[in-house]
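Asks: Counting from 6, one number per residue, gives the positions in the sequence shown under the working numbering. Before I ask anything, let me first share the structure, which is written out below as structure tokens.
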Amino acid sequence: MLLILVGCVSPAPPSPADTSTESPDTGEFPGGAEADAVYDIAVLHEVVVTLADADWASLRVQERNFYELFDEGCMDGPWGSPYTWFEAEVEIDGEALGPVGVRKKGLLGSVTADRPSLRVSVDHVVPGATYHGLEKLVLNNGRQDPSRLRTCLAHQFFSDAGLVAPRCALAHVTVNGEDLGVYAQTEAIDELLVARDEGVLPRALYEGTLSDFREGWLATFEAESVGADGAELAAVSDALLTDDDGLLAALDELVDLDRYVTFWVAESLAGHWDGYNGNTNNFYVYASGADGRLRFIASGPDSVWDSRTPFGAASPLWVATSSTLANRLIQHTEGRERFLAEMERQLDEVWNEDARIAQIDAWAELVGPVDDATQRDGIASLRALVRQRANDVDASLGGRFDSPALRGELCWTDIGVVTVDFATTWGSYPDGDLFTGWAAAPYFEINGTEYATLESGASAGWAEEGGGLWLTISRIAEDTWLAPYVVFDEALALPGTDVPIDGVAATAMLLYNSPETGGAWTNAAYLGNGTLHFDDAGTRAGDAVVGRLDVRVLGQAE
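Structural data, given as structure tokens:
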């Protein structure tokens, strides 16, 4: 999950895929039919991982610095990985893979120390080693999905719609004897996945992470194959500047538009808000080996099937238009007609609500012996969402399209400062008077403007999952408030402690409430590059919590 340069990208390419491994008799590529058992959807696969305790302790806490990730210049290249490989033993359904490499995976939304997503490199220790023809395995934790079923259900749907999609099955994962619960065991998205589906290797493959075909966004595409020099991506960016009369013809030379519209509709119908069209995130794009035109693959769909309006209040809840391709086409008469026609086709021929529900029920029975109350509740919610999704879409067909908005800029800059001297008690949040509670003396300066406060209060106490929360609410006008707040590790609430606002130890935001927001709290900016200092602190009800918040305001300069 995320809130989240003209020219070509030219990252150092990885080693080329060895096409000599193609079967001379059948023309099949490694990891084809021989790996079907690995992704048998009728089996809850048992995955047992064993590695040195110290390595497991290191692996699970590796993560990105949230603030550094979006610092100035964040779009100047692919998003680097902080994760390292560790040697491990892996056993799947009683079959040992031998020594392999294991590392953590994920950008932000799926990252956790408790149940990390994992990537397995079968040939990391023993060159040339494979598992049923596979060199890679992926175990996704489904952190944003309490049912743990959404990822596999989504990939099934994308495949049924006629798109290239990784195979996916459910797995019960244990690491060093610790039961981590149900994961999605998914096929790695690489050149061989495309080749097994289309019969030929792609000419180029890229991973898109907060990437798009427009100025300032091309450099974040990461090359995943030899020959991926970014030329195809830059050409699409140029073609999108063509006037309406020539737009579709110009794009269709570079992008398989029929397949793209299928992909766009499938992401929208599935509610994949964190995909390419909803959030310019979690996707791959490849140049077809047949004609060189670009085609898309969805990834990371662990928060799909939701009938909220995650694509912005100005868009119908069934169309994702945050990407530049979708945004341009939905405002083009023929592009919109093609979207509507494909939506009706998928609703009639692909959606098959009864089959989706039957698959959910089958998986619910499969995971029954190892699930918990949270997962059972999540599965019940998923059933309800799937049953309602088509009705929500159908009711919207023929509705008016408001002007959609492109995904906003990502990189932050320093636009101000917030300091608060405070004195409160633990437990005053959420039970205290948040507006006029204990003493707080704040200073707000944003984009060169200082904001005087009429009254302020500070609170501290619990947040989610046992974390700590500190909050100040300040009235800056009769009906307008600013509220900096910090979520942090409760164990750090100690006298004399500086808690770094770094996205790891603590995360901070500046909320805003005014008539412009309809009286609702909205995020005005992130706060970072500073500290929450405790002169005195304790986590028992009534303990004094005294100190100072000193942070920078991170956002877009006016």
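Heads up, the beta-carbon is just placed ideally off N, CA and C, and yes, glycines get one too.
In whole angstroms, what is the alpha-carbon distance linking Gly473 and Gly501?
Replies: Cα to Cα, Gly473 sits roughly 16 Å from Gly501.
Asks: Cβ atoms of His137 and Glu39: under 8 Å apart, would you say?
Replies: Cβ atoms of Glu39 and His137: closer than 8 Å.
Asks: Is it buried or exposed for Leu402, if we count other Cβ within 10 angstroms and need 16 for buried?
Replies: Looking at its Cβ environment, which holds fewer than 16 other Cβ atoms inside 10 Å, Leu402 is exposed.
Asks: I'd like to know whether the C-beta of Ser308 is nearer than 8 Å to at least one C-beta of chain D.
Replies: In the displayed structure, chain D is absent; only one protein chain is listed.
Asks: In this structure, how does DSSP classify Gly280 when only helix, strand and coil are distinguished?
Replies: Three-state result, Gly280: coil.
Asks: Return yes when the Cβ of Ala275 is within less than 8 Å of the Cβ of Phe344, no when it is not.
Replies: The answer is no: Cβ separation not under 8 Å.
Asks: With three or more C-beta pairs closer than 8 Å as the rule, is the segment 248–267 touching the segment 333–353?
Replies: Touching, per the Cβ criterion.
Asks: State the DSSP-derived secondary structure class of Phe493, mapped to helix, strand or coil.
Replies: In the structure shown, Phe493 sits in a strand (DSSP, three-state: E or B).
Asks: Am I right that Glu196 and Leu185 are in contact with their C-beta atoms under 8 Å? What's the rounded C-beta distance?
Replies: Actually they are not in contact, since the Cβ atoms of Glu196 and Leu185 sit about 30 Å apart, beyond 8 Å.
Asks: Taking the CB atoms as reference points, tell me whether Gly508 and Tyr72 lie closer together than 8 Å.
Replies: Yes, Cβ-Cβ distance for Gly508 and Tyr72 is below 8 Å.
Asks: Under the DSSP definition of a beta bridge, which residues are partnered with Ser479?
Replies: Answer is Ser461 and Leu487, bridged to Ser479.
Asks: Using a 10 Å radius around the Cβ and a threshold of 16 neighbouring Cβ atoms, would you call Glu483 buried or exposed?
Replies: The residue is exposed, with fewer than 16 neighbouring Cβ atoms inside 10 Å.
Asks: At the level of alpha carbons, what is the spacing between Phe316 and Asn332?
Replies: Note that Phe316 scores 45 on pLDDT, short of 50, meaning its location in the model is unreliable; the coordinates nonetheless yield the value given after this. Taking the straight line joining both Cα atoms gives about 11 Å.
Asks: Jot down the residue ranges of each uninterrupted beta strand (DSSP E) in the segment 266–310, minimum 3 residues, whole runs only, in chain order.
Replies: As far as the segment 266–310 is concerned, its whole beta strand (DSSP E) runs of at least 3 residues are 288–292 and 299–303.
Asks: Which residue spans inside the segment 141–167 form an unbroken alpha helix (DSSP H) run of at least 4?
Replies: DSSP runs (the alpha helix (DSSP H)) wholly in the segment 141–167: 155–165.
Asks: Is the beta carbon of Pro489 closer than 8 Å to that of Leu532?
Replies: In contact: Leu532 and Pro489 (Cβ atoms closer than 8 Å).
Asks: Taking the beta strand (DSSP E) that Trp431 belongs to, which residues open and close that run?
Replies: Residues Thr418 to Gly432.
Asks: What residues in its chain sit with their C-beta under 8 Å from that of Asn181, if we drop five residues either side in the sequence?
Replies: Result list for Asn181: Val54, Thr55, Leu56, Asp58 and Trp61, in chain order.
Asks: Are the segment 376–394 and the segment 513–532 touching, with three or more C-beta to C-beta distances below 8 Å?
Replies: They do not touch, by the three-pair rule.
Asks: Under 8 Å between the Cβ atoms of Val571 and Gly535?
Replies: This structure cannot speak to residue 571, because the chain is shown only from 6 to 563.
Asks: Under a three-way DSSP split, which group does Ala363 fall into?
Replies: In the structure shown, Ala363 sits in a helix (DSSP, three-state: H, G or I).
Asks: May I ask you to report which of helix, strand or coil DSSP gives Gln393?
Replies: The answer is helix: DSSP assigns Gln393 an H, G or I state.
Asks: Please name the residue, chosen from Leu515, Ala428 and Cys416, that lies closest to Gln561 on a Cα-to-Cα basis.
Replies: Of Leu515, Ala428 and Cys416, the residue nearest in Cα terms is Cys416.
Asks: For Gly383, name the three-state secondary structure that DSSP assigns.
Replies: Gly383 falls in the helix class under three-state DSSP.
Asks: Would you check if the segment 304–313 and the segment 255–268 touch, i.e. whether three or more CB-CB distances between them fall below 8 Å?
Replies: Contact fails: fewer than three Cβ-Cβ distances are below 8 Å.
Asks: What three-state label does DSSP hand Thr44 in the structure shown?
Replies: The displayed chain sequence assigns Tyr, not Thr, to residue 44. DSSP places Tyr44 in helix when its eight states are reduced to three.
Asks: Quick one: what's Glu92 bridged to in DSSP?
Replies: Glu92 pairs with Gly106.
Asks: Under a Cβ-count criterion, where at least 16 other Cβ atoms within 10 Å of its own Cβ denotes burial, should Asp217 be classed as buried or exposed?
Replies: Classification of Asp217: buried, given that the 10 Å Cβ count is 16 or more.
Asks: Buried or exposed, going by whether 16 or more other CB atoms sit within 10 Å of the CB of Glu370?
Replies: It counts as exposed.
Asks: Can you give me the start and stop residues for the alpha helix (DSSP H) that Asn534 sits inside?
Replies: Note, Asn534: premise wrong, no alpha helix (DSSP H); beta strand (DSSP E) at Thr527 to Asp541.
Asks: Residues in the same chain with beta-carbon distance under 7 Å from Leu499, minus the five sequence neighbours each way, listed in chain order, please.
Replies: Here the set comprises Phe539 and Ala542.
Asks: Would you report the Cα separation of Glu77 and Asn70, rounded to the nearest angstrom?
Replies: Distance between the alpha carbons of Glu77 and Asn70: 14 Å.
Asks: Could you give the distance in angstroms between the alpha-carbon of Thr26 and the alpha-carbon of Gly85?
Replies: Model confidence at Thr26 stands at a pLDDT of 43, short of 50, so the residue's coordinates are unreliable; what they give is reported in the following sentence. If I take the Cα positions, the gap works out to 30 Å.
Asks: Hey, could you find the ends of the alpha helix (DSSP H) Ala59 is sitting in?
Replies: That run of the alpha helix (DSSP H) goes Asp58 to Val66.
Asks: With three or more beta-carbon pairs closer than 8 Å as the criterion, would you say the segment 136–150 touches the segment 36–50?
Replies: The segment 136–150 vs the segment 36–50: in contact.
Asks: Give every residue of the same chain whose Cβ lies closer than 7 Å to the Cβ of Pro520, excluding the five residues on either side of it in the sequence, and list them in chain order.
Replies: Around Pro520: Asp484.
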